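Novice: Residue numbers (UniProt numbering): 1 to 306. We put the CB at the ideal spot given by N, CA and C, even for glycine. Since we're looking at a predicted model, the values are computed, not measured.
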Amino acid sequence: MSFDVVHTEKRIAQSAGVSGPRNAEDYDPEKELDANRYALIVQQSKVPIIALFNAAVKEDTSFLLPLMLLATIRTMRRIPRTFFIRNGPEYERYVFKTIHWWARRICRIGRIRLQVSGAEKIRPDRAYLFVSNHRSPADIPVLFDAIPQNAAFVANGMFRMIPAFSFWMRASGTVFIEQGNQKAELAAFKTMIRRLKQGRSLILFPEGHTHQGPGIDTFSRGGIYAAVLAGVPIVPVCLSGTDKVIRPGSLHINRRSRVIVEFGAPIETRHLGMAAKKNIDTILHDTIAGMLDRQTSKQGGRPRQA
């Protein structure tokens with residue numbers, strides 16, 4: 001996600017409702033929201049997860065998002081054991097067991113009707129770069145639940161500020177990116193290559209933000225090219241329906257939303273010619289856009305607009 005705060009605090013507070021509606025009548029599901037709202041809440045608070053919880057209590061009249069935040073806080077009781085199994089396969093199993101429990105719990109609380117296809121294409125003994133479109137904050141738990149192996153995210157550095165969640169993100173091997181800091185971005189790119197070469201799978205949102213329009217937004221080539229340099233396969237992943245669970249900038253969960261996760265055929269980067277490597281971002285963009293069109297057509301919706 002991109003969390004560049006480009007609006008004034010006053011404008012965000014007025015348009016996105018930082019303090020949150022106080023009752024069901026105040027909640028307007030059609031209001032256009034800004035994903036920068038989350039960054040503003042976090043940056044203005046000494047205890048970010050409590051600030052998010054309080055805002056969610058005010059806005060989510062069904063209390064689903066507060067329950068999800070409580071599930072996140074609950075994982076803190078599993079942290080002490082990590083200091084006694086600091087490295088090795090037992091540590092990794094423990095970390096991802098916790099993360100997968102959390103992801104399934106989030107999906108269960110929201111009663112997300114998750115439909116996964118193409119998972120059989122993923123070999124458990126190989127490292128991949130999973131490249132996905134990005135529609136909603138719900139994409140993170142949905143992908144953790146759907147991907148049939150352990151994989152860490154390439155994520156915005158803001159997530160370091162959220163207690164409990166940030167601990168497990170770091171423990172899983174998340175590559176944090178400080179957007180706008182070229183030196184830090186280059187270091188993160190090198191870390192991605194190193195992790196992939198070490199056999200650790202990563203998950204990337206190349207749009208760089210949660211896209212609210214039709215179809216999918218332009219892909220950035222940088223992070224994708226790490227897989228080319230590391231020589232690992234790239235798996236195109238298409239998400240649809242997560243924006244129905246929670247819209248970017250919202251603190252309101254819509255229960256029983258149908259979410260589809262489709263894994264495309266892995267692209268073997270070692271077999272690509274120079275032209276394909278150079279245009280790998282366009283190839284993946286068009287592949288995932290085609291997957292999204294097919295999903296939309298099957299659901300009786302309108303295909304994306306070019």
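Are there three or more Cβ pairs, one per stretch, closer than 8 Å when the region 174 to 190 is compared with the region 99 to 115?
Specialist: no
Novice: Out of curiosity, what's the CA-to-CA distance linking Phe130 and Gln149?
Specialist: 11 Å
Novice: Using a threshold of 8 Å, state whether the C-beta atoms of Ala152 and Ile203 are closer than that.
Specialist: yes
Novice: How would you call Asp145, buried or exposed, if buried means at least 16 neighbouring beta carbons within 10 angstroms?
Specialist: buried
Novice: Candidates Leu239, Ala226, Ala265 and Pro141: which alpha carbon is nearest Ala71's?
Specialist: Pro141
Novice: Using 8 Å as the threshold, is the C-beta distance between Ala127 and Val232 below it?
Specialist: For Ala127 and Val232, yes; Cβs fall inside 8 Å.
Novice: Find the nearest neighbour of Lys278 within the set Thr287, Glu207, Gln198 and Val228, judged by alpha-carbon distance.
Specialist: Checking every option, the nearest Cα to that of Lys278 belongs to Val228.
Novice: Counting C-beta neighbours from all protein chains within 10 Å, is the total for Arg22 16 or more, i.e. buried, or is it exposed?
Specialist: Residue placement at Arg22 cannot be trusted, given a pLDDT of 32 that sits under 50; what the coordinates show is reported in the next sentence. Per the 10 Å Cβ criterion, exposed.
Novice: So, are the CB atoms of Leu284 and Cys238 less than 8 Å apart?
Specialist: no
Novice: How big is the Cα-Cα spacing for Ala24 and Ser62?
Specialist: Low per-residue confidence applies at Ala24: pLDDT is 34, beneath 50, and the placement is therefore not dependable, though the value from the model is reported in the following sentence. If I take the Cα positions, the gap works out to 9 Å.
Novice: If contacts are defined as beta-carbon pairs under 8 Å, then Leu52 and Arg255 qualify, I think. What distance do you get, rounded to the angstrom?
Specialist: Incorrect: roughly 19 Å between the Cβ atoms, too far for contact.
Novice: Using the beta-carbon count (16 or more within 10 Å), is Ser250 buried or exposed?
Specialist: buried
Novice: Could you check whether His134 and His211 sit closer than 8 Å to each other, using their CB atoms as the reference points?
Specialist: yes
Novice: Nearest by alpha-carbon distance to Ile50: which of Ser132, Ala164 and Arg81 is it?
Specialist: Scanning Ser132, Ala164 and Arg81 for the CA closest to the CA of Ile50 turns up Ala164.
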